DNA sequence: CAGTGGTCTAGACCACTCC
DNA sequence: GAGTGGTCTAGACCACTGC
């Protein structure tokens, strides 16, 4: 088809960078939906009229970006979305990790409404203060105990269907919900970890006392295109929190 | 010289993996000390009798491992050691970050002695409980205020010179000290972040009150060969702590 | 078995750094 | 200009997956 060379990105970039952009464009356009298989590397190389090695380098970069996955002998696939169940990996709660079973915590939504974005959320979403946004307040419940409190801000335009559909159309995981209802796929995120104490209002929702120490995770999540599309502040018991990192 | 193919690693591995091991061996042997420049990739390829592309892939892996650094137009270099001043990046203190100047905190050593390793430290150092170890207790001081409390465990054998030389031979940074006195180069580390409260003894050293909330960083540091050679628990004011991560 | 990605070769030419 | 790493080519052959 005419997809090869249709929209060429910056020609000063190395060929494999341009190819990587082209691949990303075809994923974001919906031509290759998440989970689907791409043509073989030889076919792609032929289509774009480059050597196999060059296409392989482009594919490798796309894998590093988190856009694609390659499986020897099977093929190259578009990565499915980021799991927000991942957040729970950071907390050690009595119930879950017993035998390595991944119990998905239940999600209880307390608020879902349109609001004008305050400064902090607007900054992280690349919008102006006061721009239309959607606010979600939810707790994540494990063994009938609220374990995590999450405040979430979204840009109005891309997510307005969440409001029209309402609370009942939410699953326990938000990212699949974004995908199904709003066609937004989250691929990566940036997190900031800090420490704080619970406000009175927040404490009530977590069934703890005000001033209790909590770990505070501020997350900005990005779509396939690289736009910030979600800002989230999560709070959970500080003593249950742990986080692992490799540094070099 | 006879270094090409001298000690061949597992022949079932791809050639570039074997090459990567060979390069690492030559770095750890001291043939190429930290900061020094390697022969050009063409020379290396010729020496090992492989194609340029194969050697390049080996070099790329070694860069990913954190062993080497490559600079376009200049050459390939052995990475210098990890900076343990890095720990301070996680804490926002009034004094330092004002204009992006990196003030190295002063190190005050309170204890330096041989001890039998307790379970936790022994586990992280791949040694048996009760094995001979060295214990260091120090605070790191910024603008005359103790900001960080660090407990450090080391295996006795590799680090015994620290004991004979004594406290006075320590610099403000430990990793250069390990390098100079014990010929141990730290290249990477694994960290676990959590929160806790100060014990009475620890509180006194940090000039805070017992029970104050602190961020607790447990770090295992590895030598060039990949052996764990240091286990460290650092504690600092929880409210000053912040940490950034990219996730995919 | 056919089809996929993974490894490897032996070249050419470009871009950067430093003298 | 000499020397370095970075990009790209056009092939060959190997290793894994699934029918």
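Chains as they are written, first to last, in this note's numbering: chain U, 1 to 248; chain E, 249 to 496. Beta carbons are placed, not taken as given, at the ideal position from N, Cα and C, and that holds for glycine. This one's a predicted model, so the numbers in the text were calculated from it and none came from an experiment.
If you look at residue 478 (chain E), you'll find it in the beta strand (DSSP E) that goes 476 to 485. As computed with DSSP, residue 151 (chain U) is found in a beta bridge with U:137, U:233. With the rule of 3 Cβ pairs closer than 8 Å, the stretch 425 to 436 of chain E does not count as touching the stretch 448 to 462 of chain E. Interface criterion not met: the Cβ of residue 454 (chain E) is under 8 Å from no Cβ in chain U. Restricting attention to E:453, E:448, E:444, the CA atom closest to the CA of residue 487 (chain E) is found in E:444.
In the three-state scheme derived from DSSP, where H, G and I count as helix and E and B as strand, residue 369 (chain E) is classed as helix. Less than 8 Å separates the beta-carbon of residue 192 (chain U) from that of residue 490 (chain E). Exposure of residue 405 (chain E) is indicated by the presence of fewer than 16 other C-beta atoms within 10 angstroms of its C-beta.
Secondary structure of residue 308 (chain E) (DSSP, three-state): helix. Residues of the stretch 472 to 492 of chain E that bring their beta carbon within less than 7 Å of a beta carbon in chain U comprise 486, 487, 489, 490, 491, 492, in sequence order. Secondary structure at residue 281 (chain E): coil, using DSSP grouped into helix, strand and coil. In the three-state DSSP reduction, residue 105 (chain U) falls in the coil class, being neither helix nor strand.
Rounded to whole angstroms, the separation of the alpha carbons of residue 297 (chain E) and residue 73 (chain U) is 29 Å. Residue 162 (chain U) sits in a helix when the DSSP states are folded into three classes. Residue 495 (chain E) reaches chain U at 188, 189, 191, counting residues in chain order whose Cβ is nearer than 7 Å. Proximity of residue 34 (chain U) to chain E, defined by a Cβ-Cβ separation below 8 Å, is not satisfied. For the options U:52, U:39, U:113, the alpha carbon positioned closest to that of residue 166 (chain U) is the one of U:113. Taking the C-beta atoms as reference points, residue 268 (chain E) is found nearer than 8 Å to residue 310 (chain E). If the five residues before and after residue 448 (chain E) are omitted, its C-beta is found closer than 8 Å to the C-beta atoms of 458, all from its own chain and listed in chain order. In summary, residue 124 (chain U) is buried, with 16 or more beta-carbon neighbours lying within 10 Å of its beta-carbon over all protein chains present. Taking C-beta separations shorter than 7 Å and ignoring five residues to either side along the sequence, the partners of residue 189 (chain U) in its chain run 82, 219, 220, 221, 222, following chain order.
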